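Remember, this note's numbering sits 483 above the position in the sequence shown when you count from 1.
Beta carbons: idealized from backbone N, C-alpha and C, even for Gly.
Bear in mind that the values here come from a model prediction, so they are computed numbers and not experimental data.
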Amino acid sequence: MSAPSVLRQSIVASTSSIRPRPHAFVSRVVASGKRSLSSTPTVSAAVAYASSRPRVTPHSASAAWQLAPPTLQQRRTMFIQTESTPNADSLKFIPGQAVSPEGTHEFLDAGAAASSPLADRLFHLPDVRSVFFGPDFISVNKTEGGQWSELKPEIYSIIMEHFTAGRPLFEEGKGGGAEDTRILDTDSEVVAMIKELLETRVRPAIMEDGGDIEYRGFNDETGIVQLSLKGSCRGCESSTVTLKGGIERMLMHYIPEVKEVEQVLGPEEAVAEDEFEKFEARLRSGGKTVSV
484 MSAPSVLRQS
494 IVASTSSIRP
504 RPHAFVSRVV
514 ASGKRSLSST
524 PTVSAAVAYA
534 SSRPRVTPHS
544 ASAAWQLAPP
554 TLQQRRTMFI
564 QTESTPNADS
574 LKFIPGQAVS
584 PEGTHEFLDA
594 GAAASSPLAD
604 RLFHLPDVRS
614 VFFGPDFISV
624 NKTEGGQWSE
634 LKPEIYSIIM
644 EHFTAGRPLF
654 EEGKGGGAED
664 TRILDTDSEV
674 VAMIKELLET
684 RVRPAIMEDG
694 GDIEYRGFND
704 ETGIVQLSLK
714 GSCRGCESST
724 VTLKGGIERM
734 LMHYIPEVKE
744 VEQVLGPEEA
754 VAEDEFEKFE
764 ARLRSGGKTV
774 SV
């Protein structure tokens with residue numbers, strides 16, 4: 484045998500004796516999870532070999548995969564959407580889960596919001612004028628000088644923290660659902676028809692814009708239906724069009740006894756509007772007390 488042949492066989496023998504054991508190496512990497520699979524050329528070769536000829540036992544792979552899920556399951560996230568409304572000073576926040584399925588609720592000041600931890604926290608933000616809870620959304624109305632670019636991140640944070648923590652929407656014993664359109668035994672046929680149309684036709688359409696409507700009464704003599712707009716519809720420039728061009732026309736079409744629809748304010752709403760007008764007047768006068 485020639486010298487080159489002897490040398491060649493020696494090299495082959497020495498190479499085979501130090502050949503890596505890729506599947507054993509990959510098993511250690513999967514089990515420990517501490518080494519990078521791309522840190523060295525040897526590791527890359529081992530991964531390529533294992534991909535073509537898998538040698539890791541199913542039991543080992545399953546055990547390694549189960550190390551991660553407990554940590555991932557403890558991390559809860561929410562995707563909150565926002566929708567614009569016809570009112571430029573109002574936004575509709577949709578957390579992707581039920582908010583107030585038993586009835587809508589509106590808060591016009593911080594005092595009224597004391598019964599709801601979520602509404603109370605929202606009123607601690609500057610420039611928040613009112614808060615409204617719908618079945619699956621939250622409408623927030625801001626003052627004219629407020630900036631959504633500053634308010635939105637704070638509102639996102641408060642809503643996400645509230646729902647991920649599983650806190651109740653209201654304190655115990657508070658926050659019963661509204662029953663303005665529930666048909667009573669004492670209601671006349673006309674009133675029952677008005678309530679049914681408001682509940683089935685009007686309310687769903689208005690909630691799409693982040694608001695709601697509340698039935699306040701019907702005058703048999705004048706044929707006037709009294710309603711209140713709530714949420715994003717409050718203070719909206721198109722509220723008159725909604726009342727007259729939409730609701731009034733529909734009620735008059737189906738119920739001949741209805742002659743007109745007018746918007747009214749409740750005692751709390753009237754006080755809140757009056758206080759807000761006084762506050763704006765003080766701002767315009769440079770902080771001086773003025774009579775309104």
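C-alpha distance - residue i paired with residue j, whole-angstrom precision
| i | j | result |
| --- | --- | --- |
| Ser-599 | Arg-650 | 10 Å |
| Ile-689 | Cys-716 | 8 Å |
| Ile-638 | Val-741 | 41 Å |
| Phe-616 | Gln-630 | 21 Å |
| Leu-608 | Asp-592 | 12 Å |
| Ser-768 | Pro-618 | 41 Å |
| Arg-684 | Lys-678 | 10 Å |
| Val-708 | Leu-681 | 11 Å |
| His-588 | Val-623 | 12 Å |
| Ser-449 | Pro-636 | With the chain running from 484 to 775 in the structure shown, residue 449 is simply not present. |
| Ala-764 | Thr-565 | 32 Å |
| Asp-668 | Asn-702 | 18 Å |
| Glu-731 | Asp-670 | 20 Å |
| Pro-584 | Leu-652 | 11 Å |
| Phe-590 | Arg-686 | 19 Å |
| Gly-594 | Glu-704 | 37 Å |
| Thr-723 | His-736 | 18 Å |
Beta-carbon gap between residue i and residue j smaller than 8 Å
| i | j | result |
| --- | --- | --- |
| Gly-694 | Gly-714 | yes |
| Met-561 | Thr-647 | yes |
| Val-582 | Ala-596 | no |
| Lys-625 | Asp-692 | no |
| Asp-563 | Met-643 | Here residue 563 is Ile; the residue named in the question, Asp, does not match the sequence. Yes. |
| Phe-606 | Phe-576 | no |
| Gly-586 | Asp-610 | no |
| Gly-706 | Glu-654 | no |
| Leu-574 | His-645 | no |
| Gln-746 | Leu-726 | yes |
| Arg-604 | Ile-641 | yes |
Assumed close pair residue i, residue j - CB separation to whole angstroms, cut-off 8 Å
| i | j | result |
| --- | --- | --- |
| Leu-734 | Ser-711 | The Cβ separation is near 15 Å, so there is no contact. |
| Ser-721 | Pro-569 | 5 Å |
Residue i, DSSP secondary structure in three states
| i | result |
| --- | --- |
| Arg-765 | helix |
| Ile-696 | strand |
| Ser-583 | coil |
| Lys-575 | strand |
| Leu-681 | helix |
| Ser-776 | Here the chain has residues from 484 to 775 only, and residue 776 is not among them. |
| Thr-725 | helix |
| Thr-565 | strand |
| Phe-646 | helix |
| Leu-605 | helix |
| Ile-638 | helix |
| Leu-710 | strand |
| Ile-621 | strand |
| Arg-665 | coil |
With three or more beta-carbon pairs closer than 8 Å as the criterion, would you say the segment 662-679 touches the segment 698-709? As far as the Cβ criterion goes, the segment 662-679 touches the segment 698-709, which means the pair count is three or higher.
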